[in-house]
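Have a look at the structure below, then the notes.
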Amino acid sequence: MAPVIRTEGLTKVYGEDRGIIDLSLECGKGEIFGFLGPNGSGKTTTIRTLLDLLHPSSGRAEIFGLDSRSQSRAIRARVGNLPGGFAYEKHLTGRELIQLFARLRGISDLGRAEELAQRFDVGLDQPLKQLSRGNVQKIALIQALFHSPELLILDEPTSGLDPLMQAEFIRLLEEERGRGVTVFLSSHDLDEVERICDRVAIIRSARLVAIEDVHDMHRRAMRHFVVRFDRPVELEPFAALPGVQQLELVDGRLTFSVSGTADAAVKLLAGYTLTDIEITHPSLEELFMTYYGGDHE
Ligand SMILES: Nc1ncnc2c1ncn2[C@@H]1O[C@H](COP(=O)(O)OP(=O)(O)OP(=O)(O)O)[C@@H](O)[C@H]1O
Ligand SMILES: [Mg+2]
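Numbering-wise (the numbering used here), the sequence shown opens with residue 1 and increments by one.
Structure below.
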């Protein structure tokens with residue numbers, strides 16, 4: 001199947017400043033794709049370029065197999081977006097703003113705006129200038145979702161949402177994915193990306209440094225064991241575990257790490273009487289430290 005989003009050497013430079021350099025990625029139908037990177041790494045630039053709000057300096061992007069520049073009008077009707085750094089008309093109410101966006105998209109009704117407003121617990125009839133930051137964000141999200149688009153391109157969608165609303169939003173995205181909707185979202189919140197995304201691209205200093213499947217990453221990750229026994233044990237059987245690292249036995253406390261499956265270690269431990277055991281996974285954050293590590297730009 002053709003990818004829903006495809007970029008090829010996509011580059012946007014702002015004069016001397018970097019924006020994004022040579023970005024190539026693909027995002028499949030029904031996928032929740034996370035775009036992760038520190039401040040200033042190029043997330044908003046990428047999203048605005050995909051949405052044809054910025055023009056690439058070189059390279060290209062295709063959405064639904066259509067060219068992001070020459071066919072942007074046809075693309076726009078099928079996409080819901082949160083472009084980031086967007087200045088809303090603060091004197092308008094939520095309803096008026098959504099009506100405005102509906103007209104821009106050539107749609108005559110407000111679709112499921114009311115239903116979403118109820119779900120997010122926000123009124124549509126107050127001027128935006130009277131709303132809190134989180135509630136303005138909810139209106140912005142409703143604006144992206146009300147017409148049930150088949151692709152969502154969202155720049156930091158949960159920014160400003162409280163944990164309850166963040167959880168509600170994640171549930172909503174999962175429902176959307178269930179209907180075959182594709183989601184491309186940016187974030188610098190690793191925990192959030194870990195909870196929501198199927199795949200994640202890491203961008204740093206304008207360049208793509210990795211694309212990983214979140215579940216694969218966890219499968220490959222190290223498991224850390226801390227074990228106590230009811231009697232003294234020998235180290236040798238544990239040293240023979242495939243891929244074992246950081247093996248240590250201090251005061252009857254055995255610690256080691258294995259990569260990938262924990263199965264062999266668990267089977268070996270089954271032959272002992274344990275008084276305590278702890279098996280921990282690294283968080284996505286720890287896994288990504290290798291990419292982020294060192295200097296933050
Ligand atoms: N309009 C602009 N003119 C010049 N430079 C810009 C402009 N917009 C962004 N940049 C530069 O491009 C780089 C990427 O910025 P961008 O806003 O895409 O980062 P980001 O990953 O979205 O960051 P954040 O997490 O802070 O939102 C930065 O170095 C930024 O200073
Ligand atoms: Mg940004």
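Glycine included, C-beta positions come from ideal geometry on N, C-alpha and C. Fair warning: this is a prediction, and the values are worked out from it, not measured in the lab.
First through last residue of the alpha helix (DSSP H) which encompasses residue i
| i | result |
| --- | --- |
| V136 | 133-145 |
| F120 | 113-120 |
| L185 | L185 -> not in any alpha helix (DSSP H); beta strand (DSSP E) instead, spanning 182-187. |
| A46 | Correcting the residue type first, residue 46 is Thr in the shown sequence and not Ala. That run of the alpha helix (DSSP H) goes 43-50. |
| K12 | No alpha helix (DSSP H) contains K12, which is instead part of the beta strand (DSSP E) from 5-14. |
| L268 | 263-269 |
| Q246 | No alpha helix (DSSP H) holds Q246; the beta strand (DSSP E) holding it covers 244-250. |
| R171 | 163-178 |
Start and end residues, beta strand (DSSP E) containing residue i
| i | result |
| --- | --- |
| V152 | The displayed chain sequence assigns Leu, not Val, to residue 152. Counting along the chain, the beta strand (DSSP E) containing L152 begins and ends at 151-155. |
| L36 | 32-36 |
| G80 | 79-82 |
| L274 | 274-280 |
Nonlocal neighbours in the same chain, by C-beta distance under 8 Å from residue i, ignoring five residues either side
| i | result |
| --- | --- |
| F35 | K43, T46, I47, F184, L185, S186, S187, V200, A201, I203 |
| L268 | P237, F238, L241 |
| H296 | Residue placement at H296 is poorly supported in this model, since its pLDDT is 43, which falls under 50; the coordinates still yield a value, given next. The residues are P38. |
| I75 | D52, I63, F64, L66, S68 |
| S41 | I203, R204, S205, A206, E297 |
| R195 | I170 |
| G9 | D22, L23, S24, S58, G59, R60 |
Status (buried if at least 16 other CB within 10 Å, exposed otherwise) for residue i
| i | result |
| --- | --- |
| L164 | exposed |
| E278 | exposed |
| A117 | buried |
| M1 | exposed |
| A265 | buried |
| A77 | exposed |
| D230 | exposed |
| Q130 | exposed |
| T261 | exposed |
| V122 | buried |
| V79 | buried |
| L23 | buried |
Same chain only: Cβ atoms within 6 Å of residue i, ignoring 5 sequence neighbours per side
| i | result |
| --- | --- |
| Y14 | none |
| E26 | P3, R6 |
| H224 | S257, T280 |
| Y272 | F229 |
| D213 | R199 |
Expected contact under 8 Å - CB spacing of residue i and residue j to nearest Å
| i | j | result |
| --- | --- | --- |
| R220 | L274 | Incorrect: roughly 26 Å between the Cβ atoms, too far for contact. |
| T182 | L145 | Not quite, the Cβ-Cβ distance comes to about 13 Å (not below 8 Å), so this is no contact. |
| M222 | S259 | 5 Å |
| S148 | G111 | 6 Å |
| L97 | Y88 | 6 Å |
| K90 | L128 | 5 Å |
Contact with chain C by residue i, beta-carbon distance below 8 Å
| i | result |
| --- | --- |
| L268 | The structure shown contains no chain C; it holds only a single protein chain. |
Residues near residue i by beta carbon distance below 7 Å, same chain, minus five either side
| i | result |
| --- | --- |
| Q137 | S159, G160, L161 |
| L104 | none |
| R177 | G30, I32, V183 |
> So which residues put a beta carbon under 6 Å from any heavy atom of ligand 1, going in chain order?
Replying inline: Output, sorted by chain position: Y14, D17, R18, G19, G37, N39, G40, S41, G42, K43, T44, T45, H188.
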